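Colleague: Attaching a single structure in structure tokens format; questions to follow.
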Amino acid sequence: MKHTFASVTCLALSILSATAQDISLAPEFEVASVKRAEVPEGARTHMPPEISDRIGMSGGPGSKAPGRIDYTAISFKGLLEKAYDVKRDRISGPAWISSEHYTINAKIPPGTNPEQFRLMLQKLLTERFHMTLHRESKEIPVYRLKVAKNGPKLQPGAPPKEMSPAEQMEQNQ
Numbered sequence: 684m685k686h687t688f689a690s691v692t693c694l695a696l697s698i699l700s701a702t703a704q705d706i707s708l709a710p711e712f713e714v715a716s717v718k719r720a721e722v723p724e725g726a727r728t729h730m731p732p733e734i735s736d737r738i739g740m741s742g743g744p745g746s747k748a749p750g751r752i753d754y755t756a757i758s759f760k761g762l763l764e765k766a767y768d769v770k771r772d773r774i775s776g777p778a779w780i781s782s783e784h785y786t787i788n789a790k791i792p793p794g795t796n797p798e799q800f801r802l803m804l805q806k807l808l809t810e811r812f813h814m815t816l817h818r819e820s821k822e823i824p825v826y827r828l829k830v831a832k833n834g835p836k837l838q839p840g841a842p843p844k845e846m847s848p849a850e851q852m853e854q855n856q
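Here the working numbering is used: the first residue of the sequence shown is 684, the next is one more, and so on.
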């Protein structure tokens, strides 16, 4: 069975398009530093990129440091994921968006909410990388599980019984 899902395709380092006019009205970081980060070959092969990128991300709205972000050696794809609130598997583009890493430090204005923060990050990517996006619908295969005619007849389990704190301690020992 195939469903149509929206996919975000990144075409980086291209000429700014009409969408840049909309982004110019977006809120922006008070100060931002973007530097290319060298990640040694094989340094992040022991964990999936969606986890290794998150290790290098700290700060921002809703965190212990809402007034700044410190992203250390985050992939460009990780930045897109954060800026556009889209899952990593929905982002496609040239191979370098997964292999190029950047360190970003920025000061966030007080009272910034998560949506404003994403707009700030989008504006930063547009201004510093001259990035444009292309959105498209894409058919991808998906599978639906269905119980076989003579398959298992599973029933919901009984709700958990309430335990006193003493019973909980006994069970954990």
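Positions of the beta carbon are idealized from the N, C-alpha and C atoms, including for glycine. Treat the numbers as computed from the prediction; the structure is a model and nothing was measured.
Per DSSP, Asp736 is paired with what?
Modeller: Note: Asp736 sits in no beta bridge, so no partner.
Colleague: Distance check for Trp779 and Ile738, CA to CA, integer angstroms please.
Modeller: Each residue's alpha carbon lies about 20 Å from the other.
Colleague: Considering only their Cβ atoms, is the gap separating Phe800 from Ile791 smaller than 8 Å?
Modeller: Yes, Cβ-Cβ distance for Ile791 and Phe800 is below 8 Å.
Colleague: Apply the 10 Å Cβ neighbour rule to Ile823 and answer buried if 16 or more other Cβ atoms are within range, or exposed otherwise.
Modeller: When all chains shown are included, Ile823 counts as exposed.
Colleague: For Lys718 and Phe712, I'd like the C-alpha separation in whole angstroms.
Modeller: Each residue's alpha carbon lies about 16 Å from the other.
Colleague: Considering Lys790, what are the terminal residues of the beta strand (DSSP E) in which it resides?
Modeller: Where Lys790 is concerned, the enclosing beta strand (DSSP E) stretches over 784-790.
Colleague: Around the C-beta of Met814, are 16 or more other C-beta atoms found within 10 angstroms, so that it is buried, or is it exposed?
Modeller: Label assigned to Met814: buried.
Colleague: What's the C-alpha gap between Ile774 and Phe759?
Modeller: Between Ile774 and Phe759, the C-alpha separation is close to 11 Å.
Colleague: Based on Cα-Cα distance, which residue from Asp772, Glu853, Asn796 lies nearest to Lys821?
Modeller: The shortest Cα separation from Lys821 among Asp772, Glu853, Asn796 belongs to Asp772.
Colleague: Just the Cα atoms here: how many angstroms apart are Glu810 and Val714?
Modeller: In a straight line, the C-alpha of Glu810 is about 13 Å away from that of Val714.
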